[in-house]
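As given, the protein sequences belong to chains G, D, L and P, one line each in that order.
When you line the first sequence up against the numbering used here, it's residues 7 to 357, in that order.
When you line the second sequence up against the numbering used here, it's residues 7 to 357, in that order.
When you line the third sequence up against the numbering used here, it's residues 7 to 357, in that order.
When you line the fourth sequence up against the numbering used here, it's residues 7 to 357, in that order.
Single-structure report; data block below.
Number of protein chains: 4
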Amino acid sequence: MQAVIFHGPHDFRLESINEPKLESPSDAILRVTHTTICGSDLHLWDGGLPAAEQGFAVGHEFVGIIEQVGEAVTTVGPGDRALVSCTIGCGSCSRCRRGLHSGCSVTTAGGTRSNIFGFSSAFPGGQAEVVRIPFADSNVFQIPDGVSDEQALFLTDILPTANMATEFAEVAPGDHVVVFGCGPVGSLVQQLAFIRGAAVVIAVDLDEARLAHARQLGCETIHPEKENVLERILQITDGEGAASVIEAVGRTELVSQAALYLRPGGVIAVAGVIIANVDLPWALFLMKNLSLRGGLVNPQRHVPQLMPLIESGRLDPAQLVTHRMPLSEAIAGYELFAERRDGVLKVVLEP
Amino acid sequence: MQAVIFHGPHDFRLESINEPKLESPSDAILRVTHTTICGSDLHLWDGGLPAAEQGFAVGHEFVGIIEQVGEAVTTVGPGDRALVSCTIGCGSCSRCRRGLHSGCSVTTAGGTRSNIFGFSSAFPGGQAEVVRIPFADSNVFQIPDGVSDEQALFLTDILPTANMATEFAEVAPGDHVVVFGCGPVGSLVQQLAFIRGAAVVIAVDLDEARLAHARQLGCETIHPEKENVLERILQITDGEGAASVIEAVGRTELVSQAALYLRPGGVIAVAGVIIANVDLPWALFLMKNLSLRGGLVNPQRHVPQLMPLIESGRLDPAQLVTHRMPLSEAIAGYELFAERRDGVLKVVLEP
Amino acid sequence: MQAVIFHGPHDFRLESINEPKLESPSDAILRVTHTTICGSDLHLWDGGLPAAEQGFAVGHEFVGIIEQVGEAVTTVGPGDRALVSCTIGCGSCSRCRRGLHSGCSVTTAGGTRSNIFGFSSAFPGGQAEVVRIPFADSNVFQIPDGVSDEQALFLTDILPTANMATEFAEVAPGDHVVVFGCGPVGSLVQQLAFIRGAAVVIAVDLDEARLAHARQLGCETIHPEKENVLERILQITDGEGAASVIEAVGRTELVSQAALYLRPGGVIAVAGVIIANVDLPWALFLMKNLSLRGGLVNPQRHVPQLMPLIESGRLDPAQLVTHRMPLSEAIAGYELFAERRDGVLKVVLEP
Amino acid sequence: MQAVIFHGPHDFRLESINEPKLESPSDAILRVTHTTICGSDLHLWDGGLPAAEQGFAVGHEFVGIIEQVGEAVTTVGPGDRALVSCTIGCGSCSRCRRGLHSGCSVTTAGGTRSNIFGFSSAFPGGQAEVVRIPFADSNVFQIPDGVSDEQALFLTDILPTANMATEFAEVAPGDHVVVFGCGPVGSLVQQLAFIRGAAVVIAVDLDEARLAHARQLGCETIHPEKENVLERILQITDGEGAASVIEAVGRTELVSQAALYLRPGGVIAVAGVIIANVDLPWALFLMKNLSLRGGLVNPQRHVPQLMPLIESGRLDPAQLVTHRMPLSEAIAGYELFAERRDGVLKVVLEP
């Protein structure tokens, strides 16, 4: 089969490799119909996130058709349309039981490796024709008739990531919510903040086109090079500050600044991927009783909540798809996405 | 001044009485601009709720302009547009501190009297030109510029009641929510269920016009004399049952039935006013791990959450106003409302 | 092997049957070391709970040693000391994912049968030498070194049941909590209420010896035939009423009465097994904003929370064991337990 | 009257000043019976916290007898034994309504001044014979008969602070909780962690006498200069890490380290007073899904929960009182406390 294979930064190659087989009675084999490139794939692409090895298939956002399941699998069967969580949990360890599959003791081998598809040879990724899914009953979800493959693709990672952030932020009816970033994750955060009852969502970004899109969703917008962010937030919130700030860009300085924009009792939630340390202005935390939360996504917890919102038509994440191409053109897709050309938001690859 | 005075069932009279005066440094005097008739006023009107005395002004939903405040009042001043909570709390007793102003130890005189405006001479009501508001800092809220008097009128009782019910029901993103009743409270419950993220709201009523209105809000609808309620709910929820059922009619048998329609872990919330005992099918509670909640509203807790939703335009309760008339025609207003003529939903009276 | 076999009310027989075998890669085979008789076993014994068939092994509270596991099992292996949840969940369906294994779509076969061990031939019980455990990764927990088999026995059902009730009741630091019943479940509820921070636990029972035991745990006690329950509760709570009432007897009239004893905002939680309808004084729910909750236990959710409390010595449920006998004397054990002889609280049977 | 007057770092003087009078109908006048020196008073004493003026009475932890109340006060009257919250809230602004009296818009004059007693001439403190209490209904609580003045003294600040920290940390039954610091606040945090159901509390301190006291309370203890903190925590928690870490010392580096000691999903709560920035290892927050919270205390929210725990005897904070002296010896008290002589934990001053 064909797959996008990691050989180093800026060196991804479309290659032919053997199809995976069932290895355990709890495995499933999925034939991929749609896969997409995630912002965190770019960290592999540009070397920001160093990989310890090479030669594995990349990609952790993919959906398809179940081809085969092990004898112990009860929730899906051959022929089912299915989506797969990007983080792989055994479903039974103490962490998975608490909804923290991203920290699964079994699949991270006690914390010694990543348990996300497509970051090592332990769990080859889904920018490929066929993928083996360990612990299928924990990590695979059937796609209902009313939901398209492209919509379901967003449930594998970034829609749950956005939902996690609004949950971390405890977005509640009537809230004023600030969202840093209007990229794919930021846009979904904005939509989910409204779904959770936010009265006002304030989107901050440097890209005018993305700000225009946020306004179409009903957001107030701020361009930080053209306006004073603090002044505008205080003006919109009647001098009170926001109930929460959600960081959906991935920059430490935005986390540091967020405390300024909050009302007493406010919350900062980080959806962006940040590895560096954060310099936290604790005096503001002390005086205003603030909270800060972040982490990796666990789609296993979020899919059951988000699927009905797509099914009922309240939420259509597939509107973020700007480009579609065959898997054979994946390398061009990476370049397009890395360079943010053509107003790209989300590139779907079809094997 | 003129006021609607209670003399017995079907015997409300427009009479001239003395204007109230400040009695305590924590009082405020409000000149009423808009007041409305509530479903619970009808219980006085039709005798369903017996009053121990007569001669008091009725009405507990009213807004206006502050005319005077006592020396201890800090949150409003003369000239402010203001709304008043229907239940009166001292704001300082252990119950008010827990957000249960409806059970205020001080204003209920230790549980020996009602602390709602317009049900006794202890707290004369707001279908009048002027009202004295005890504990103004606890019970009065300024109306912001972007909110009309008519919109604010809904914050005195029924919008908080609807919000309390969705809170009791723990409505969460992705939920399927059943709402019994499409009257004023039911309609607001439906809108707030969507604001809290419900994927699907299923409205049940016997009135086709009201069901049509619910469909305009985006609800699925069921007419229980034309369709089998259980079958339809199971069909809409894929056989699973609803996450919550909200009773917004006020009939014991609907509370009894609700358990049938719920999925495991479901919740029944009662917004309707019910005095009689409820016959509860406990076997369903046992097998499905259900919860049941009800109570009187505490607008004091809900106004800060709901006001920004009106201000931002996400919610416009004033769309439920079907009739407007001067206070001098209040008796005709009662008759219209009691007989449900002319598609009446909400009658606004203007002194 | 030997097992206690159901043939009808008052007709349980110790018989020899074949040992169960692995049937699925997710099964485990457990050799029972300790099992006990539960109050709900008595419902089978006395006919209160009719069984549709006969010939199956009874018993749903048991621990032992894992003898064999299917190829898909990851959390336990041969030789492990292990306890088993009384309700059996697949661990992967939408209900199990929400922590409601008692309503598991798979093991209840879509709601058409009980998924508790020992109530039908679908899931033969643990008053036997060997038991087959379906979906072992979901339903089996290793017993740590510091916890005895007898202590672990309580984690299979009644300690989680008691914990569920205190969770339903939202017991919080500083609360006054009323517990109806001082039997095994009631006593554990009392201990867990203190562990959750209750300031005062008020135990109500008709049995003086059991009340004395509650006093040893630090409870206030009320004998309802000797004292007026309402008066005493109001006296202890300074006229306010309790924050919660937990029913641990299983009588509908106690649920009906509970609303009387609550302060505004209070909660009724039902731990007892009740099948009949409950007559609910809704006027009290309306005036006091009350909640009511009940259901079947899901030890899968509670074991991870309760195990450390036993391990650290804060909680020792094995103190409730009053009688120990070999499995061969099980029938005598049933008679003793059914007749409440010799101050019996919990009878442990050892195969 | 006599009072301890601030003239600069290390320059507190016992002076005679005029007694305060009622200034508003919502004021109360309290005659102090017991007051105590808080760790944050030491920040004034040693200059760590610069004051903008001088000549005001210090002290924010005090109890006494109500001498006089304004006409609007309903919750206390002359002759009542009463305690006073250290932070002063109006009780009616949007922040006080959310339980954040420490951020009260009115008493902080829109965020331009401290609203704690004893830090400026705006709110003269309680190391004095008489104090004026603004907004008495919001800030004063009656002391029940079963609670001593010394016990009540802890409800004015540090017991609520400790409770806030355990609430921030979401301490739940079965948790392993790490507490940095065994001073007065740390010791109360340890006790409250047990009251909230912690299975194991791990106390960390450099003072052997304080560690011995923690062991008497049932804690595991670690001396960081004699043992490796991380290794010991992993050993005690079976390699999993703690559910929460509570900082009760006031050092930024402890907040930075805390993430290391947590299990996935863990929480860091800061009870200590920290003004400097915190360097946060975000990679750990990302990989382990952590939360961080801090802030100023609002005794108004905590007293109703804590009082019954003292009343029922579950908690006796007065055991932390090591020294008692007349107010006239206050300066000697400060020196003793600042130098940590004689095993001092808490010094009570009696006017």
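Every residue, glycine too, gets a C-beta built ideally from N, C-alpha and C.
For clarity, every value in this text was computed on a predicted model and none was experimentally measured.
In the three-state reduction of the DSSP assignment, Lys-27 of chain P falls in the coil class, being assigned neither a helical nor a strand state. It is roughly 6 Å from the alpha-carbon of Ser-297 of chain D to the alpha-carbon of Ile-274 of chain D. For Lys-352 of chain G, the beta-bridge partners assigned by DSSP are G:Val-327.
Contact annotation: in the region 193-213 of chain G, residues whose CB is within less than 7 Å of a CB in chain D are Ile-201, Arg-202, Gly-203, Ala-205 and Val-206.
Contact check between the region 100-110 of chain L and the region 336-347 of chain D: fewer than three CB pairs, one atom from each, fall below 8 Å, which does not count as touching.
Looking at the DSSP output, Pro-332 of chain P sits in a beta bridge with P:Glu-356. A direct Cα-to-Cα measurement between Ile-149 of chain D and Glu-156 of chain D gives close to 11 Å. Nearest to Arg-87 of chain D by C-alpha distance, out of D:Pro-314, D:Ala-158 and D:Cys-96, is D:Ala-158. Residue contact with chain D for Met-313 of chain G: present (Cβ-Cβ distance below 9 Å to some residue of chain D). At the C-beta level, Ile-71 of chain P and Ala-336 of chain P stay beyond 9 Å of one another. When P:Gly-14, P:Gln-222, P:Arg-347 and P:Leu-321 are compared, the shortest CA-CA separation from Gly-54 of chain P is found for P:Gly-14. Gly-192 of chain D carries a helical assignment under DSSP once its states are collapsed to helix, strand and coil. In this structure, the straight-line span from the alpha carbon of Val-279 of chain D to that of Leu-266 of chain D is close to 21 Å. Under the Cβ criterion of 9 Å, Phe-291 of chain P is counted among the residues facing chain G. Taking C-alpha positions only, Val-90 of chain D is separated from Phe-129 of chain D by approximately 13 Å. Listed as beta-bridge partners of Leu-36 of chain L by DSSP are L:Ile-72 and L:Val-137.
Annotation: His-16 of chain L is outside any beta strand (DSSP E) and is labelled neither H nor E by DSSP.
CA-CA distance, Leu-106 of chain P to Ala-175 of chain L, rounds to 26 Å. The C-alpha of Gln-311 of chain G is placed about 14 Å away from the C-alpha of Pro-323 of chain G. Within chain D, the residues Ile-201, Arg-202, Gln-311 and Leu-315 have their CB atoms less than 7 Å from the CB of Pro-179 of chain G, given in chain order. Pro-179 of chain P and Arg-307 of chain L do not touch by the CB rule: their CB atoms are close to 12 Å apart, not below 8 Å. Secondary structure at Asp-244 of chain L: coil, using DSSP grouped into helix, strand and coil.
Scanning its chain for C-beta atoms nearer than 7 Å, with the 5 sequence neighbours on each side dropped, one finds around Val-327 of chain L the residues Glu-156, Lys-352 and Val-354, in chain order. Under the three-state reduction of DSSP, Ile-274 of chain L is assigned to strand.
Of the residues assessed, Glu-135 of chain D falls on the buried side of the cut-off, its CB having 16 or more other CB atoms within 10 angstroms. For Ser-318 of chain G, the nearest CB of chain D lies under 9 Å from its own CB, placing it at the interface with that chain.
In the three-state scheme derived from DSSP, where H, G and I count as helix and E and B as strand, Ile-149 of chain L is classed as coil. Using a 10 angstroms sphere on the CB of Arg-269 of chain G, the tally of other CB atoms reaches 16 or more, which defines it as buried. Listed in chain order, the beta strand (DSSP E) runs fully inside the region 252-298 of chain D are 268-276 and 284-286, counting runs of at least 3 residues. Here DSSP, grouped into helix, strand and coil, assigns Ala-128 of chain P to coil. Taking Leu-302 of chain P as reference, the option from P:Ala-277, P:Leu-292 and P:Asp-285 with the minimal CA-CA separation is P:Ala-277.
When the five nearest sequence neighbours on each side are left out, the beta carbons in the same chain lying within less than 6 Å of the beta carbon of Leu-290 of chain D are those of Ala-265, in order along the chain. Among the CB atoms of chain D, one or more fall inside 9 Å of the CB of Thr-81 of chain P. Here Ile-23 of chain L has Ala-9 as same chain residues with Cβ atoms under 6 Å from its own Cβ, once five neighbours each way along the sequence are excluded. Rounded to the nearest whole angstrom, the CA to CA distance from Ala-282 of chain L to Val-184 of chain L is 22 Å. Collapsing the DSSP output to three states places His-182 of chain G in a strand.
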